[in-house]
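S.K.: Before anything else, here's the structure in question.
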Amino acid sequence: MSYLVLLGVELKHIVGGTVDLLQLEGLIGRRRSPDSYVPNRLHVPLPFTGTVKLPAGKTISDIEQACATGAFPKLATIPGPQTAIAPVPQLTVK
1 MSYLVLLGVE LKHIVGGTVD LLQLEGLIGR RRSPDSYVPN RLHVPLPFTG
51 TVKLPAGKTI SDIEQACATG AFPKLATIPG PQTAIAPVPQ LTVK
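The end of the sequence shown is residue 94 by UniProt numbering, with every number in the run present.
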């Protein structure tokens, strides 16, 4: 059993199932405007059960660690030729 916690409200849900957003909004006292479209159900994905690995051709030195106080886990690299990763376009703010 896992839990969804949002704004201090703890809801039990079935992993891989759905959470009723209208019921959730009622619990936290939020009401959406009538002209905004939001689906009424949030699908909860199944937990990942595989092994986390770096793409082929990448090493731990390619990772920019965000938290300097915690150790980054040691990850294996997938064998084979380097994986092509598309560049992320840079957005300009006007």
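In this text, a Cβ means the ideal position worked out from N, Cα and C, and glycines have one as well.
Short check: CB of Ile85 to CB of Leu54, under 8 angstroms?
M.R.: One-based indexing of the sequence shown puts residue 85 at position 85. One-based indexing of the sequence shown puts residue 54 at position 54. Their beta carbons are not under 8 angstroms apart, which means Ile85 does not touch Leu54 by this criterion.
S.K.: Assuming Gly57 and Gln82 are in contact, meaning their beta carbons sit under 8 angstroms apart, how far apart are those beta carbons, in whole angstroms?
M.R.: As a position in the sequence shown, residue 57 is number 57, starting the count at 1. As a position in the sequence shown, residue 82 is number 82, starting the count at 1. At roughly 3 angstroms, the Cβ-Cβ gap stays under 8 angstroms, so Gly57 and Gln82 are in contact.
S.K.: Out of curiosity, what's the CA-to-CA distance linking Leu75 and Val93?
M.R.: Start at 1 with the first residue of the sequence shown, and residue 75 comes out as number 75. Start at 1 with the first residue of the sequence shown, and residue 93 comes out as number 93. Answer to the nearest angstrom: the Cα atoms are 36 angstroms apart.
S.K.: For Gln65, which residues from the same chain have a beta carbon less than 6 angstroms from its beta carbon, with the 5 sequence-adjacent residues on both sides left out?
M.R.: Within the sequence shown, the letter at position 65 stands for residue 65. If we look at Gln65 and ignore the five residues flanking it on each side, its Cβ neighbours are Phe72.
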